[in-house]
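Enquirer: Residue numbers (my numbering): 27 to 191. Glycine included, C-beta positions come from ideal geometry on N, C-alpha and C. Mind looking over this structure? Questions follow.
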(Lines of atoms letter the chains of each structure in order from A; the text may use other names.)
(Lines give C-alpha, C1' and ligand atoms only; values in the text may rest on other atoms or scores of the structure.)
Protein backbone atom coordinates (compact mmCIF):
# COMPACT_ATOMS: atom_id res chain seq x y z
CA UNK A 27 0.00 0.00 0.00
CA UNK A 28 2.94 2.31 0.66
CA UNK A 29 1.31 4.38 3.42
CA UNK A 30 0.30 3.55 6.94
CA UNK A 31 -3.16 4.15 8.35
CA UNK A 32 -2.98 6.65 11.21
CA UNK A 33 -5.56 7.17 13.94
CA UNK A 34 -6.27 10.65 15.34
CA UNK A 35 -8.98 12.93 16.67
CA UNK A 36 -11.27 14.29 13.98
CA UNK A 37 -11.25 17.98 13.13
CA UNK A 38 -14.00 20.21 11.81
CA UNK A 39 -12.43 19.91 8.34
CA UNK A 40 -13.03 16.13 8.42
CA UNK A 41 -16.83 16.35 8.68
CA UNK A 42 -17.56 16.14 4.96
CA UNK A 43 -15.22 13.18 4.42
CA UNK A 44 -16.72 11.44 7.45
CA UNK A 45 -20.23 11.86 6.07
CA UNK A 46 -19.24 10.55 2.62
CA UNK A 47 -17.40 7.60 4.14
CA UNK A 48 -20.33 6.83 6.42
CA UNK A 49 -22.72 6.89 3.46
CA UNK A 50 -20.49 4.52 1.48
CA UNK A 51 -19.74 2.19 4.39
CA UNK A 52 -23.31 1.74 5.60
CA UNK A 53 -24.68 0.72 2.17
CA UNK A 54 -24.04 -2.94 2.98
CA UNK A 55 -25.92 -2.60 6.28
CA UNK A 56 -28.84 -0.96 4.49
CA UNK A 57 -28.91 -3.80 1.96
CA UNK A 58 -28.79 -6.39 4.75
CA UNK A 59 -31.98 -4.95 6.25
CA UNK A 60 -33.64 -3.74 3.03
CA UNK A 61 -33.82 -0.32 4.66
CA UNK A 62 -32.04 2.62 3.06
CA UNK A 63 -33.35 5.03 5.70
CA UNK A 64 -31.06 3.80 8.46
CA UNK A 65 -29.71 6.61 10.60
CA UNK A 66 -26.16 6.76 9.15
CA UNK A 67 -27.54 7.16 5.62
CA UNK A 68 -29.89 10.04 6.42
CA UNK A 69 -27.64 12.08 8.72
CA UNK A 70 -26.97 15.64 7.57
CA UNK A 71 -23.59 17.31 7.19
CA UNK A 72 -24.56 19.88 9.83
CA UNK A 73 -25.31 17.04 12.26
CA UNK A 74 -21.90 15.46 11.62
CA UNK A 75 -20.24 18.85 12.18
CA UNK A 76 -22.09 19.16 15.50
CA UNK A 77 -20.90 15.70 16.57
CA UNK A 78 -17.28 16.51 15.68
CA UNK A 79 -17.49 19.72 17.73
CA UNK A 80 -19.32 18.17 20.71
CA UNK A 81 -18.37 14.50 20.96
CA UNK A 82 -15.27 12.34 20.87
CA UNK A 83 -14.80 11.59 17.16
CA UNK A 84 -11.82 9.57 15.95
CA UNK A 85 -10.74 8.99 12.36
CA UNK A 86 -8.41 6.66 10.51
CA UNK A 87 -6.46 8.30 7.70
CA UNK A 88 -4.58 6.91 4.75
CA UNK A 89 -2.58 9.95 3.71
CA UNK A 90 -5.11 12.78 3.63
CA UNK A 91 -8.11 10.50 3.07
CA UNK A 92 -10.41 9.63 5.97
CA UNK A 93 -10.88 5.85 5.65
CA UNK A 94 -12.53 5.14 8.99
CA UNK A 95 -14.36 6.89 11.80
CA UNK A 96 -16.16 6.30 15.07
CA UNK A 97 -17.99 8.54 17.56
CA UNK A 98 -18.31 8.42 21.31
CA UNK A 99 -20.22 10.46 23.85
CA UNK A 100 -20.46 10.27 27.62
CA UNK A 101 -23.57 10.10 29.79
CA UNK A 102 -23.64 11.50 33.32
CA UNK A 103 -23.44 8.01 34.85
CA UNK A 104 -20.07 7.38 33.16
CA UNK A 105 -21.42 5.23 30.34
CA UNK A 106 -19.77 6.02 27.03
CA UNK A 107 -21.95 5.45 23.98
CA UNK A 108 -20.01 4.43 20.88
CA UNK A 109 -21.55 4.58 17.44
CA UNK A 110 -21.27 4.88 13.69
CA UNK A 111 -18.07 2.86 13.46
CA UNK A 112 -17.22 2.61 9.80
CA UNK A 113 -14.25 1.64 7.66
CA UNK A 114 -13.97 2.13 3.91
CA UNK A 115 -15.11 -1.11 2.21
CA UNK A 116 -11.77 -1.58 0.44
CA UNK A 117 -9.94 -1.56 3.79
CA UNK A 118 -12.27 -3.68 5.90
CA UNK A 119 -10.81 -6.80 7.48
CA UNK A 120 -7.40 -5.24 8.24
CA UNK A 121 -7.91 -4.34 11.91
CA UNK A 122 -8.79 -0.67 11.39
CA UNK A 123 -12.17 -1.03 13.10
CA UNK A 124 -10.55 -2.54 16.20
CA UNK A 125 -7.92 0.23 16.23
CA UNK A 126 -10.63 2.87 16.01
CA UNK A 127 -12.54 1.25 18.87
CA UNK A 128 -9.42 1.13 21.06
CA UNK A 129 -8.66 4.78 20.29
CA UNK A 130 -12.16 6.07 21.09
CA UNK A 131 -12.32 3.91 24.23
CA UNK A 132 -8.96 5.26 25.41
CA UNK A 133 -9.97 8.87 24.75
CA UNK A 134 -13.33 8.43 26.48
CA UNK A 135 -11.65 6.85 29.51
CA UNK A 136 -8.61 9.12 29.83
CA UNK A 137 -10.19 12.46 28.92
CA UNK A 138 -13.78 11.97 30.05
CA UNK A 139 -13.67 9.34 32.82
CA UNK A 140 -15.82 6.68 31.13
CA UNK A 141 -16.50 3.67 33.34
CA UNK A 142 -18.15 1.44 30.75
CA UNK A 143 -18.82 1.37 27.02
CA UNK A 144 -22.11 0.63 25.27
CA UNK A 145 -22.79 0.20 21.58
CA UNK A 146 -25.36 -1.44 19.36
CA UNK A 147 -25.55 -3.07 15.98
CA UNK A 148 -28.24 -4.60 13.84
CA UNK A 149 -29.28 -8.13 14.77
CA UNK A 150 -28.19 -9.51 11.36
CA UNK A 151 -24.79 -7.78 11.35
CA UNK A 152 -22.67 -10.85 12.08
CA UNK A 153 -19.36 -9.24 11.07
CA UNK A 154 -19.96 -6.35 13.46
CA UNK A 155 -21.00 -8.71 16.25
CA UNK A 156 -17.83 -10.79 15.75
CA UNK A 157 -15.64 -7.68 15.98
CA UNK A 158 -17.36 -6.34 19.09
CA UNK A 159 -17.21 -9.69 20.87
CA UNK A 160 -13.57 -10.17 19.90
CA UNK A 161 -12.67 -6.85 21.57
CA UNK A 162 -14.52 -7.71 24.77
CA UNK A 163 -18.13 -6.57 24.35
CA UNK A 164 -20.94 -8.78 25.64
CA UNK A 165 -24.61 -8.74 24.73
CA UNK A 166 -26.71 -7.06 27.42
CA UNK A 167 -30.02 -6.68 25.63
CA UNK A 168 -31.95 -5.73 22.55
CA UNK A 169 -33.54 -2.53 21.31
CA UNK A 170 -35.11 -1.14 18.19
CA UNK A 171 -33.42 1.63 16.26
CA UNK A 172 -35.34 4.77 15.39
CA UNK A 173 -35.18 3.44 11.81
CA UNK A 174 -37.04 0.26 12.85
CA UNK A 175 -34.04 -2.10 12.71
CA UNK A 176 -33.87 -4.61 15.62
CA UNK A 177 -30.61 -3.99 17.49
CA UNK A 178 -28.30 -6.00 19.75
CA UNK A 179 -26.96 -3.89 22.64
CA UNK A 180 -23.44 -4.72 23.84
CA UNK A 181 -21.32 -3.43 26.74
CA UNK A 182 -17.96 -3.81 28.40
CA UNK A 183 -16.31 -2.15 31.39
CA UNK A 184 -13.76 0.59 30.72
CA UNK A 185 -10.21 -0.68 30.84
CA UNK A 186 -11.11 -3.93 29.09
CA UNK A 187 -9.05 -3.81 25.92
CA UNK A 188 -8.84 -6.22 23.07
CA UNK A 189 -6.23 -8.95 23.31
CA UNK A 190 -6.13 -9.16 19.52
CA UNK A 191 -6.97 -6.67 16.81
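Return helix, strand or coil for residue 164, following the three-state DSSP convention.
Expert: Strand, per DSSP.
Enquirer: Are the beta-carbon atoms of residue 149 and residue 122 separated by less than 7 angstroms?
Expert: No. Outside cutoff.
Enquirer: Do residue 120 and residue 93 have their C-beta atoms within less than 7 angstroms of each other?
Expert: Their beta carbons are not under 7 angstroms apart, which means residue 120 does not touch residue 93 by this criterion.
Enquirer: Between the beta-carbon of residue 144 and the beta-carbon of residue 184, is there less than 7 angstroms?
Expert: Result no, Cβ atoms of residue 144 and residue 184 do not sit closer than 7 angstroms.
Enquirer: Could you tell me how far apart the beta carbons of residue 84 and residue 126 are, in whole angstroms, since I believe they sit closer than 8 angstroms?
Expert: Going by Cβ atoms, the distance from residue 84 to residue 126 rounds to 6 angstroms, so yes, they are a contact pair.
Enquirer: Report, in whole angstroms, the separation of the C-beta atoms of residue 99 and residue 48, which I expect to be a contact under 8 angstroms.
Expert: Contact doesn't hold; Cβ gap of about 16 angstroms is too wide.
Enquirer: Do the CB positions of residue 44 and residue 86 come within less than 7 angstroms of each other?
Expert: For residue 44 and residue 86, no; Cβs fall outside 7 angstroms.
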